[in-house]
Ligand SMILES: [Zn+2]
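Have a look at this one:
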């Protein structure tokens, strides 16, 4: 409208003014399309460096080779790489091992697939050294470590500067790439993901791997945020686990990786446990390398929505910004008399962690009245989750394997016998846990409570409001921990704080999904693990979801989103079933069964 006015006051004829509008619109279109260049950062040890001969490259990559005998030389069309160098210089990518040329690994496949969909230049900063651990000190022959221990990092420098830190080598390489190349790109750049495969050389320090790897991820995210001034605290971290047949395989490292993937909303773990290795029982072969490469690509496709259809799987049910699970410990009587009715009034359902022994025997109740089984049966029938807090509220880190087994299995059985619903989650008594007990408790379960925030005696209206704002900002899953309301451990001095909090969450329901622990844990794990093959069809597109989780355990439907401006009508079928579609502003939503097979989407955009 503004341009019409301007044209008329300048006494231009209509033809001219329309022409100007057309030109301005064109400029607008071109400038709107000049978006950030994609950048990926990749690091790790030998399985990230590559130990598969280039003679075994997939045929589609061999086609890019100049050397058609050994396939050591060639060039990808769009992928530029700066590998193990600190001058920020990029060259066209072709898989090369760090020490000897002519070796490849999973990322060769990932970059190839990214090229197919991006069809424009993108950049990779890669830093790899075989046989290297995060743990320092660790007497490996290499003498260089990924450790993010801040005290140690202050005393050392990167390997290139004659120090021992690989992490500083990696961040120096990224900094140099930013300074000399990326910051000069027209339209800017965006670091899209951090790809990582490592852990074999930490086998003797498996117990420290959870803290060690977590610190590396945090270090890189912080570094990028400080270096660029952009918020990289949610930088996606995509990593693969170690096959069980690996001679360096340690269940504790596997458990640490799973725990990080469960706790960090932006960490995506690809399960490599059943994948094949070469005869050395350490390195991926051509099959497992290609498998991981494809899975990493699929994960990036999901995170970055690279397919042109606008299709994505919502991070939370109904595409809400974040999630809350209200959870209540120790089975107090007022969880039935006060909490459940208040939540039902708001349309919410809660999770109640109970100890079978305490429910059944007043000698363990410490004078605090507890719920009865018949009350809990009524709650379960209404959709509340009655789940396990251990049979006798014992510190699970101090139990023998037999005792631990009894503490968990017996309580499950008793809850099932009394409520008719088998518990599929667990809450650690006293929040006491370690990597082994977590790995044990997670077996055959949807999830266990490892992260929570206390809503109780110390809560104020202000700090609960701040928590809600944080949750909406960081798009996380908040799990509350409440014991007593008007009596019992950590009860409120003013229970009104709690009732108002519930109502406040209700007013934010268009942005917050309130689900039981079981529901949200299942959704989040499914959403992270699902990959979707999206293909164009005559009338729209089709989606084939693939999910390698136990379908008897993971039964939450996932929400699909088709993000398109002005979307009006969409018809969706999964198999023979017609799915209900909700049209909102600029997007259509529908729920699907991730195990239900192919979905056909017809977009009727009139
Ligand atoms: Zn407890």
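Numbering (the numbering used here), first residue to last: 474 to 1079. Built from N, CA and C at the ideal position, the CB exists for glycine as well.
Can you tell me whether residue 1061 is helix, strand or coil according to DSSP?
The count along the chain shown starts at 1 and reaches residue 1061 at position 588. If DSSP states are grouped into helix, strand and coil, residue 1061 belongs with the strands.
Compare the C-beta of residue 797 against all C-beta atoms of chain D and say whether one is closer than 8 Å.
Judged by its chain identifiers, the structure shown contains no chain D, having just a single protein chain.
Quick check for students: name the residue ranges of the beta strand (DSSP E) that lie wholly in the region 529-582, counting only runs of 3 or more.
552-556, all fully within the region 529-582.
Pocket of ligand 1 defined by Cβ to heavy atom distance under 6 Å:
Taking each Cβ in turn, the ones that pass are 802, 803, 862, 866, 902.
Hey, would you say residue 605 sits closer than 8 Å to residue 615, going by beta carbons?
Counting from one through the chain shown, the residue named residue 605 turns up at place 132. Counting from one through the chain shown, the residue named residue 615 turns up at place 142. In this structure, residue 615 lies closer than 8 Å to residue 605 by Cβ.
Please report the residue range of the beta strand (DSSP E) in which residue 517 lies.
Against the chain shown, residue 517 aligns to sequence position 44. 510-517 is the span of the beta strand (DSSP E), which, as asked, contains residue 517.
Between the region 882-889 and the region 1017-1029, do three or more beta carbon pairs fall short of 8 Å?
Flag = no, the region 882-889 and the region 1017-1029 do not touch.
Expected contact under 8 Å - CB spacing of residue 858 and residue 959 to nearest Å
Counting from one through the chain shown, the residue named residue 858 turns up at place 385. Counting from one through the chain shown, the residue named residue 959 turns up at place 486. About 23 Å; that fails the 8 Å criterion.
Suppose only complete runs of 4+ residues qualify. What are the alpha helix (DSSP H) ranges in the region 806-842, listed by chain order?
With a minimum length of 4 residues, the continuous alpha helix (DSSP H) runs that stay inside the region 806-842 are 813-818, 829-833.
Whole alpha helix (DSSP H) elements within the region 676-732, 4-residue minimum:
Here the runs fully enclosed are 682-701.
Quick check on residue 1004: buried or exposed, where buried means 16 or more other Cβ atoms within 10 Å of its Cβ?
Start at 1 with the first residue of the chain shown, and residue 1004 comes out as number 531. So residue 1004 counts as buried.
Along the alpha helix (DSSP H) that carries residue 946, what are the first and last residues, could you check?
For the purposes of this step, residue 946 is identified with residue 473 of the chain shown, where counting begins at 1. Its alpha helix (DSSP H) spans residues 934-947.
Please name the residue, chosen from 873, 537, 568, 698, that lies closest to residue 524 on a Cα-to-Cα basis.
As a position in the chain shown, residue 524 is number 51, starting the count at 1. When only C-alpha atoms are compared, the closest one is 568.
Local Cβ density within 10 Å of residue 699, reported as buried at 16 or more and exposed below that:
Residue numbering aside, residue 699 sits at position 226 when the chain shown is read from its first letter. Taking all protein chains in view, the Cβ of residue 699 is surrounded by fewer than 16 other Cβ atoms within 10 Å, so the residue is classified as exposed.
Can you give, in chain order, each stretch of the beta strand (DSSP E) that sits fully within the region 593-651 and has at least 3 residues?
As far as the region 593-651 is concerned, its whole beta strand (DSSP E) runs of at least 3 residues are 595-601.
Stretch-stretch touch, CB-based, cutoff 8 Å, three pairs: the region 542-560 with the region 739-747
Too few Cβ pairs lie closer than 8 Å, so no.
Beta-bridge partners of residue 662, as assigned by DSSP
One-based indexing of the chain shown puts residue 662 at position 189. DSSP links residue 662 through a beta bridge to 510.
Would you identify the three-state DSSP class for residue 1067, choosing helix, strand or coil?
Reading the chain shown from its first residue, position 594 is the one you call residue 1067. Residue state, collapsed to three classes: coil.
What is the DSSP secondary structure of residue 1077, counted as helix, strand or coil?
Mapped onto the chain shown, residue 1077 falls at position 604. In this structure, residue 1077 counts as strand in the three-state DSSP scheme.
What do you reckon, are the CB atoms on residue 732 and residue 908 nearer than 8 Å?
One-based indexing of the chain shown puts residue 732 at position 259. One-based indexing of the chain shown puts residue 908 at position 435. Result yes, Cβ atoms of residue 732 and residue 908 sit closer than 8 Å.
To the nearest angstrom, report how far apart residue 905 and residue 701 are at their CA atoms.
The count along the chain shown starts at 1 and reaches residue 905 at position 432. The count along the chain shown starts at 1 and reaches residue 701 at position 228. Rounded to whole angstroms, residue 905 to residue 701 spans 39 Å at the Cα level.
Look at the alpha carbon of residue 833 and the alpha carbon of residue 997, and state the distance between them as a whole number of angstroms.
As a first step, residue 833 must be located in the chain shown, where it is residue number 360. As a first step, residue 997 must be located in the chain shown, where it is residue number 524. Between the alpha carbons of residue 833 and residue 997 lies a distance of about 34 Å.
Are the Cβ atoms of residue 773 and residue 761 separated by less than 8 Å?
Here residue 773 corresponds to residue number 300 of the chain shown, with the count starting at 1. Here residue 761 corresponds to residue number 288 of the chain shown, with the count starting at 1. The Cβ-Cβ distance between residue 773 and residue 761 does not fall below 8 Å.
I'd like the list of long-range same chain contacts for residue 795, defined as Cβ closer than 8 Å, with 5 residues on each side in sequence excluded.
As a first step, residue 795 is located in the chain shown; it is residue number 322 there, counting from the start. The beta carbon of residue 795 sits closer than 8 Å to those of 789, 944, 945, 947, 948, 949, 950, 951, 984, 985, 986, all from its chain and outside the five residues before and after it, given in chain order.
Which same chain residues, not among the five before or five after residue 1128, have their C-beta less than 8 Å away from its C-beta?
Only positions 474 to 1079 of the chain appear in this structure, which leaves residue 1128 out of reach.
Using DSSP with H/G/I as helix, E/B as strand and the rest coil, what is residue 1047?
Here the question's residue 1047 lines up with position 574 in the chain shown. Of the three classes helix, strand and coil, the one that applies to residue 1047 here is strand, per DSSP.
Please classify residue 854 as buried or exposed, where buried requires at least 16 other C-beta atoms within 10 Å of its C-beta.
Counted from its first residue, the chain shown places residue 854 at position 381. By the 10 Å Cβ count, residue 854 comes out exposed.
Since residue 1036 sits in a beta bridge, which residues does DSSP pair it with?
Against the chain shown, residue 1036 aligns to sequence position 563. Answer is 1060, bridged to residue 1036.
Between the alpha carbons of residue 649 and residue 956, how many angstroms are there, rounded?
Here residue 649 refers to the residue found at position 176 when the chain shown is read from its first residue. Here residue 956 refers to the residue found at position 483 when the chain shown is read from its first residue. Rounded to whole angstroms, residue 649 to residue 956 spans 52 Å at the Cα level.
Residues bridged to residue 800 (per DSSP)
Residue numbering aside, residue 800 sits at position 327 when the chain shown is read from its first letter. DSSP links residue 800 through a beta bridge to 824, 954.
Return the first residue and the last residue of the beta strand (DSSP E) that residue 901 is part of.
On the chain shown, residue 901 is found 428 positions in, with the first residue counted as 1. Where residue 901 is concerned, there is no enclosing beta strand (DSSP E), given that its DSSP letter is neither H nor E.
Suppose contacts are defined by Cβ-Cβ distances below 8 Å. Is residue 880 in contact with residue 894 by that definition?
Within the chain shown, residue 880 is the residue found at index 407, counting from 1. Within the chain shown, residue 894 is the residue found at index 421, counting from 1. A distance of 8 Å or more separates the beta carbons of residue 880 and residue 894.
Short check: CB of residue 654 to CB of residue 696, under 8 Å?
The count along the chain shown starts at 1 and reaches residue 654 at position 181. The count along the chain shown starts at 1 and reaches residue 696 at position 223. Not closer than 8 Å, so no.
In terms of residue numbering, what span does the beta strand (DSSP E) encompassing residue 1004 cover?
Position 531 of the chain shown, counting from 1, holds the residue named residue 1004. Looking at the DSSP string, the run of the beta strand (DSSP E) that includes residue 1004 is 1004-1009.
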